[in-house]
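Counted from 1, the sequence shown has number 12 at position 12 by UniProt numbering; the numbering is strictly sequential.
Where a beta carbon is used, it is the ideal one built from N, C-alpha and C, also for glycine.
Quick notes on the structure that follows.
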Amino acid sequence: MTDLLPLTYDNIDALAASAFAKSRIAATAIREDVLHNLKPLKRTGPERLLHQIERRRIFDTEVLNEIDVLADLITRLIQEGTTVIECFDNDECNVSPGIWTERRRTRAADELGRALIVLYDLQETLYAVHDLMHAERAIEALRMA
């Protein structure tokens, strides 16, 4: 999905810096593509996530939870805004398959889809940093024992 740096201890600083840059992109996506497509009562989670990003607290575990919840909500809304149309072509001269399907999305579903890609990219980077940090702690604990 992304060009993530190799998961090595040498790259952890670069991955963390990349996560901050991606969080700013995610904040823009939430503001521009998500909030206006949600009902007012559904906006509290994304607004909490925005607040965490603005405070530069992206490595807190609550951020990963908020991204998971928001991604699930966005996925459901995209599915609701997507219509599958089955098309038939009965022409004798048609050499391609006579039946195919097309997916058509509402404008809101398209906007939410753009934001979902950005959220998954941020989530992937945050998980990589978390995994490296947990691995470092585990190795330190083994060395102490």
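Answer with buried or exposed for residue i, where buried requires no fewer than 16 other C-beta atoms within 10 angstroms of its C-beta.
i      : result
Val118 : buried
Thr125 : buried
Val34  : buried
Ile53  : buried
Taking the CB atoms as reference points, tell me whether residue i and residue j lie closer together than 8 angstroms.
i      : j      : result
Ile58  : Ser23  : yes
Val84  : Arg103 : yes
Ile78  : Ala109 : yes
Ile30  : Pro40  : no
Ala135 : Leu15  : no
Glu111 : Asn37  : yes
For the beta strand (DSSP E) holding residue i, just list the boundary residues, first then last.
i      : result
Glu102 : Ile99 to Arg105
Glu62  : Taken as a continuous stretch (DSSP letters only), Glu62 belongs to no beta strand (DSSP E), being part of the alpha helix (DSSP H) at Thr61 to Glu80.
Measure from the alpha carbon of residue i to the alpha carbon of each residue in the options, then state which is nearest.
i      : options                        : result
Glu80  : Arg143, Gly113 and Ala27       : Gly113
Tyr120 : Gln52, Ala141, Leu64 and Asp60 : Leu64
Glu62  : Asp72, Lys42, Glu32 and Arg48  : Arg48
Assuming residue i is part of the alpha helix (DSSP H), what are its boundary residues?
i     : result
Arg48 : Thr44 to Glu54
Lys39 : Per DSSP, Lys39 belongs to no alpha helix (DSSP H) and is neither H nor E.
Arg24 : Ile12 to Ala29
Going by DSSP, name the residue or residues bridged to residue i.
i      : result
Glu111 : Note: Glu111 sits in no beta bridge, so no partner.
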